[in-house]
Amino acid sequence: MLIDNKSCLPVVAETDRLPIDMDTPMDAEKGQGHGGAESEQVVTWEGIDDPDRPLNWSARQKWTLVLLASASSFATLSGGTMMAPGVQDISRALDLNVETTQLSLSIFVVWYGFGPMFIAPMTDIYGRRPVWLATGLWFSIWNMVCGFSHNKSLLIVGRLLAGLGASSSFGISNPIVSDCFPPAKRGRALGIATTMPLLGPAFGPIIGGILVQAAGWRWLFWTLSIFLATILILGYWLFYESSNNTILKRKAAMLRKTTGDNRYHAAGELESGKAKLTRSFALPFRMLCFEPAIQIIAGYLSVNFGTAYLVMTTFASLFVDEHGFSARAAGLQYISVAIGFLGGAHLGGLAMDKIYKRLRKAGSAEAAPEVRVPLMLPAGIISAVGLFWYGWSAQAKVFWLVPDIGIAVFSFGNVMTTQLSQAYVMDAFAGSVASGAAASQVLRSVTAFTFPIFAPAMYQNLGYGWGNSILAFLSLFLGLAGPGVLWVYGARLRAK
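What follows is the structure, encoded as structure tokens:
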């Protein structure tokens, strides 16, 4: 169904009429189904050039949305590592032992995988904007509570619930990129959307080291909440709704109001609220259980992110314990992590779009999602090389710049594999991007939570060299096997 621009009245083509559906409830008052003269009319776009369609928005509107979502991701996810430089001060102030201190640091990421499984479907039902605002406010409140903690229980609960708000970053940013950019032009936007969730944890210790020395550990939490609140205030005025479903629902509601005709609705709007919630919340779990492609990507990303989080939560201690750096100086070493992430995101985004267009030109007009796979192989190798470099240079206690270079190489490859994996999910599951993104990232919370906990014992028993080598070998295996399976069998796996 199209809508006349001048009259704002529906223009219904014969092909737009819905077939009879025996499973669809009859209208209680009119006694009519979808068939017949009084059939319901589905509101859709006014052609492919409809200005209300997010794909046709101006570049300013699209990038405002991407940058706001990315800025909030940076803020919330930096909360995971920002307290790392202040853990000694927090331990003394709250009388925490080593295990409890590590728990308070790691428990933040428990929701990283499971939170999006519930939050992502909500963005499809209620829209991206209200979920983004609500979860951001939730994070700000509970993160602020951490700053007022006077015992371990309140700190741990505050960190746990703040992590739930932060996890929305994994369920909102990718759908926004999918809403606003076609596959051939997603590289740069996806590069920013995937880099910010990694840059946050990378810059968190840098900012945290400065705040701890300048104002004390409580301001780690208060400053971050104030910063995010500022972003949310800007977003209240500038964050446009990009969900196609939500925009069409609003358009249908406007038509019902202006015409007095209640037959107009968006696709799926007639479904009961309970049925819609049940189906939407079940979808990510079904995809994780029954989609082999999602399972491969989920396993790959879990090791990818878990390793990155382990490195970022232990990186500062290397320079404090082995090189005698102050907390502030150790925090500055995370600049090398940021350089790697930024370089990988920028070059990876450019290469991804270029390869996509070239392979699409060589193949069919509709490029298969597998065109994202070839670049995963060199990215995985680069990531593993960086881990070997970092581990053995740290073990040898050489000049501090050498492990910095190794970690930059690792970060470069790590962010490329992440953005390519997420691009594959976007292309392969275009009809349910939010749920696909959530399902593919659920295992990340498990590794991000567990890897830093066993890291101290691993480094103590194996040293930085063999400890990081084990992670590098695992990353290398998954980085070759996963993309290989997707390249050869991806189309068949998706067909099943």
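Last residue of the sequence shown? That's 496 in full-length UniProt numbering, and every number before it is there in order. Cβ coordinates follow ideal geometry from the N, Cα and C atoms, glycine included. From a predicted model like this one, the values you see are computed outputs, not experimental measurements.
- Exclusion of the five residues before and after I156 leaves L103, S104, I107 as the residues of its chain whose Cβ lies within less than 7 Å of its Cβ.
- In the three-state reduction of the DSSP assignment, Q460 falls in the helix class, which pools H, G and I.
- Going by DSSP, R60 is part of the alpha helix (DSSP H) stretching over 59-78.
- The Cβ atoms of G187 and A351 sit closer than 9 Å to each other.
- Distance from the CA atom of T278 to the CA atom of P284, rounded to whole angstroms, is 11 Å.
- Going by C-alpha positions, W63 is about 16 Å away from F74.
- One Cα belongs to P292, the other to S475, and the distance between them is close to 19 Å.
- Per the coordinates, the alpha-carbon of A282 lies some 44 Å from the alpha-carbon of R92.
- Taking 9 Å as the cut-off, the Cβ atoms of I192 and V66 count as close.
- Per DSSP, reduced to three states, the secondary structure at H346 is helical.
- Here Q41 carries a strand assignment [DSSP, helix/strand/coil].
- Boundaries of the alpha helix (DSSP H) harbouring Y424: 401-428, taken from the DSSP string.
- Taken in chain order, the whole alpha helix (DSSP H) runs of length 4 or more contained in the stretch 246-332 are 273-290, 292-321, 327-332.
- Sixteen is the threshold: since fewer than 16 other Cβ atoms of the shown chains lie within 10 Å of the Cβ of Y236, the residue is exposed.
- D179 carries a helical assignment under DSSP once its states are collapsed to helix, strand and coil.
- Under the DSSP assignment, S167 falls outside any alpha helix (DSSP H); it carries neither an H nor an E label.
- Taking all protein chains shown into account, T123 has 16 or more neighbouring C-beta atoms within 10 Å of its C-beta and is therefore buried.
- When C-alpha distances from R286 are compared across I405, V442, V98, S167, the shortest belongs to V442.
- Annotation for T135: the continuous alpha helix (DSSP H) segment containing it runs 128-147.
- An exposed status is given to K354, since fewer than 16 other beta-carbon atoms sit within 10 Å of its beta-carbon.
- Three or more Cβ pairs closer than 8 Å define a contact, and the stretch 71-88 meets that threshold against the stretch 203-216.
- DSSP, reduced to helix, strand and coil, places S445 within a helical segment of the structure shown.
- In the three-state reduction of the DSSP assignment, F239 falls in the coil class, being assigned neither a helical nor a strand state.
- In the three-state reduction of the DSSP assignment, A394 falls in the helix class.
- For G479 against G391, the beta-carbon gap comes to about 17 Å, at or over 8 Å, which does not count as contact.
- Here the alpha carbon of P197 sits roughly 15 Å from the alpha carbon of F139.
- By the Cβ rule, the stretch 423-433 counts as touching the stretch 368-384, because three or more pairs are nearer than 8 Å.
- Counted as a single uninterrupted DSSP element, the alpha helix (DSSP H) harbouring D89 occupies residues 87-94.
- One thing to note: I294 has its Cβ within 9 Å of the Cβ of G436.
- By the Cβ neighbour-count rule, K397 is exposed, with fewer than 16 other Cβ atoms within 10 Å of its own.
- DSSP places T81 in the coil class of the three-state scheme, outside both helix and strand.
- Around the Cβ of E40, a 10 Å sphere holds 16 or more other Cβ atoms; the residue is buried.
- One alpha carbon belongs to S178, the other to F118, and they sit about 19 Å apart.
- Using a C-beta cut-off of 8 Å, the stretch 398-417 makes contact with the stretch 334-342, since at least three inter-stretch Cβ pairs fall below that distance.
- Within the same chain, Cβ atoms closer than 7 Å to the Cβ of K185 are found at D353, the five residues on either side in sequence being excluded.
- Going by DSSP, A202 is part of the alpha helix (DSSP H) stretching over 187-215.
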